[in-house]
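Trainee:
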Amino acid sequence: MLDIKLIREKPDFVRQRLATRGAGDDARIDELLKLDDQRRKILAEVETLKAQRNRVSKEIGVLMGQKKIAEAEARKAETKDLGDKIAALDKEAAQVEATRDALMLQLPNLPHESVTIGKTAEDNPVIRVHGEKQNYAFKPKSHVELCESLKLVDFARGAKLSGSGFLLYTNWGARLERALIQFLLDLHVGQHGYTEVSPPLMVGPHCLEGVGQFPKFKDQYYGVAEGDDKEKLGKLYLVPTAETPVANIHREEILPEKSLPVFYCAYTPCFRGEAGAAGVGTRGMIRVHQFDKVELIKIVKPEEGYGELEKMVANAEKVLQLLGLHYRVIMLCTGDMGFGSAKTYDIEVWAPGQGTYLEVSSCSNCEDFQSRRMSLRFKTEGGDNKFPHILNGSGTALARLFVALVETCQQADGSVLIPEPLRPYLKTDKIAPAP
RNA sequence: GGAGAGAUGGCAGAGUGGUUUAACGCGCACGCCUGGAAAGCGUGAAUACCCAAAAGGUAUCGGGGGUUCGAAUCCCCCUCUCUCCGCCA
């Protein structure tokens, strides 16, 4: 959520920054300014009336204490209609405020000034490249072939259970997935200073709203567990990413300044509807409805936000470096960035069997956009309350890391050679076809 | 799932319709006192919003609604916590 004061004071600046995303939000800014003005006028009026009522009520109390009943009754009659006026204005103010707030929730974050202006993914600049595409003495197979021949994933039976886009990992495939999760958690917790958390996999709508996934992308997520009484319990949603529960851990809190920065690391499965997305339903593991991910979250002071973003990207890159995978880091241009982000880097790993780069990590600084939405603040030593920057990054997404790993490490004989750092976790150095 | 109890400031805890402007205490910050500290004394200290600012005002006693001139207090609904029973990985 943007700062209403910023919109009030610098509407042209806000309009101009929003325009770099490619959406015309001018009408909405105008509407917001109008509603904001209305609300303030009503408030000024109703608060004056309330002050008057409070004063009279107190006087009546004093008269009652002095047993001057007749006088008290007279004052009561005098102020009888004050309450009706107040109730009407209160209602009006609440309506205007609700409309204003609903509109506020729909406005995306302002891109940071360092972000490249652009429209689509083609405008995303490549920031750096690590390693290079390997040469194979044979034609590298796709992960689908490798998974079938090595019996790592049973695509057909996964689809039988839950439809296309759901994976049944089997035998060494299941073990590789588990080994990767463990490897990633140990790396970030042991080497990079994150604290591991294991959050609920279902969250209320307020958490999705807090990180900016609601209200705009409501049909992307799986709603479940409506409970006995739908009206009563409301809906819970399967987490689309660990960011949703973990970034919300300190919602509606005021943290002491000395408790910052907070670094969290969490493994969860991620559930996504992927409604209308290209590639769902095709074979393979590139785009699925459920995948595993290890997520990194940072809550930091505003002045540290962008420094910490660079470190977070480096933490995610370390994963690929240790596994010996070729990748590149790109910056998302203004038109391609997510709703809540002010600046985003994507890490794309090379998958030789696919002949493409796959996005395995997305690291964003949302600045105070999310902390405003969830009302998370910290108190400075000077006693001021401020909104911290909240950062999120994948470290990394698993299904695609799995793909890049088996495709990159495949051998001429059809086996997959396990990278050194992963061997203690998988307890083998090679996955070979059954004889 | 059943029964009961509860939710008040950083903590603890009074407060059953009107000087409550939320007592008393502990803890915290600052000041006085002191060689320095403790004790003692004094002052301050929540969150959001309105107002250009200051002064001031409004709201908030788990959340929402109601009664009333006036609600922490009375009524209704909800959420959460604790105890006991049942069920259960």
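All you need for our numbering is the position in the first sequence, starting with 1, plus 29.
Idealized CB from N, CA, C, for every residue including glycine.
Output the boundary residues of the beta strand (DSSP E) element that contains Gln440.
Mentor: Segment: none, Gln440 is in no beta strand (DSSP E) and carries neither H nor E.
Trainee: Along the chain, which unbroken stretches of the beta strand (DSSP E) at least 3 residues long are found entirely within the region 72-157?
Mentor: Counting whole runs of 3 or more residues, the region 72-157 contains no beta strand (DSSP E) stretch at all.
Trainee: By how many angstroms is the C-alpha of Gln440 removed from the C-alpha of Gln29?
Mentor: For the chain, the structure presents residues 30 to 464; residue 29 sits outside this window and is missing.
Trainee: Identify whether Leu166 lies in helix, strand or coil by the three-state DSSP scheme.
Mentor: First, the residue type needs correcting, since residue 166 is Ala and not Leu in the sequence shown. Here Ala166 sits in coil by DSSP.
Trainee: From the DSSP output, in three-state form, read off His318 for me.
Mentor: Coil, per DSSP.
Trainee: Only counting the same chain, and skipping five residues up and downstream in sequence, which positions put a Cβ closer than 6 Å to that of Cys395?
Mentor: Gly369, Ser370 and Ile419, listed in sequence order.
Trainee: Answer with buried or exposed for Lys287, where buried requires no fewer than 16 other C-beta atoms within 10 angstroms of its C-beta.
Mentor: Flag for Lys287 reads exposed.
Trainee: Which of helix, strand or coil does DSSP assign to Val432?
Mentor: Helix, per DSSP.
Trainee: Starting from the C-beta of Val232, find all residues in its chain whose C-beta is less than 8 Å away, skip the five residues before and the five after it, and write them out in chain order.
Mentor: The residues are Leu265, Tyr266, Val268, Thr273, Pro274 and Asn277.
Trainee: If you pair each beta-carbon of the region 388-407 with each one of the region 234-243, do three or more pairs fall below 8 Å?
Mentor: The region 388-407 is in contact with the region 234-243.
Trainee: Near Val158, what residues of its chain come up, given a Cβ to Cβ distance below 6 Å and the 5 sequence neighbours on each side ignored?
Mentor: Counting only Cβ-Cβ distances below 6 Å, and skipping sequence neighbours, we find Arg357.
Trainee: Under a Cβ-count criterion, where at least 16 other Cβ atoms within 10 Å of its own Cβ denotes burial, should Leu175 be classed as buried or exposed?
Mentor: Per the 10 Å Cβ criterion, buried.
Trainee: Which stretch, first to last residue, makes up the alpha helix (DSSP H) that contains Glu303?
Mentor: No alpha helix (DSSP H) holds Glu303; DSSP gives it neither H nor E.
Trainee: Specify, as a first and last residue, the run of the alpha helix (DSSP H) that Tyr454 falls within.
Mentor: First-last of the alpha helix (DSSP H) with Tyr454: Arg452 to Leu455.
Trainee: May I have the straight-line CA-CA distance separating Gln350 from Arg68, to the nearest angstrom?
Mentor: Approximately 54 Å between the Cα atoms of the pair.
Trainee: Based on the DSSP secondary-structure assignment, which residues constitute the bridge partners of Asn414?
Mentor: Answer is Lys408, bridged to Asn414.
Trainee: Are the beta-carbon atoms belonging to Leu197 and Arg186 less than 8 Å from one another?
Mentor: In contact: Leu197 and Arg186 (Cβ atoms closer than 8 Å).
Trainee: Grouping DSSP H, G and I as helix and E and B as strand, with all else coil, what is Lys259?
Mentor: Because Lys259 carries a pLDDT of 39, less than 50, the predicted location of this residue cannot be relied on, and no value is offered for it.
Trainee: Less than 8 Å between the C-beta atoms of Leu31 and Ala208, yes or no?
Mentor: No.
Trainee: Quick check: the Cα distance between Lys168 and Trp379, rounded to an integer number of angstroms?
Mentor: Using only the alpha carbons, I get a separation of about 15 Å.
Trainee: If Leu284 and Phe407 are in contact, beta carbons under 8 Å, what's the gap, nearest whole angstrom?
Mentor: Their Cβ separation, rounded to whole angstroms, is 4 Å, which keeps Leu284 and Phe407 in contact under 8 Å.
Trainee: Got a sec? Which residues, its chain only, sit under 7 Å from Thr199 by beta carbon, not counting five neighbours each side?
Mentor: Around Thr199: Lys180, Leu181, Val182 and Asp183.
Trainee: Secondary structure at Gly369, three-state DSSP: helix, strand or coil?
Mentor: Three-state DSSP puts Gly369 in coil, outside helix and strand.
Trainee: Starting from the C-beta of Ala461, find all residues in its chain whose C-beta is less than 6 Å away, skip the five residues before and the five after it, and write them out in chain order.
Mentor: So the qualifying residues of the chain are Ser444.
Trainee: Could you spell out where the alpha helix (DSSP H) holding Val182 opens and where it closes?
Mentor: That residue, Val182, is in no alpha helix (DSSP H); it is neither H nor E in DSSP.
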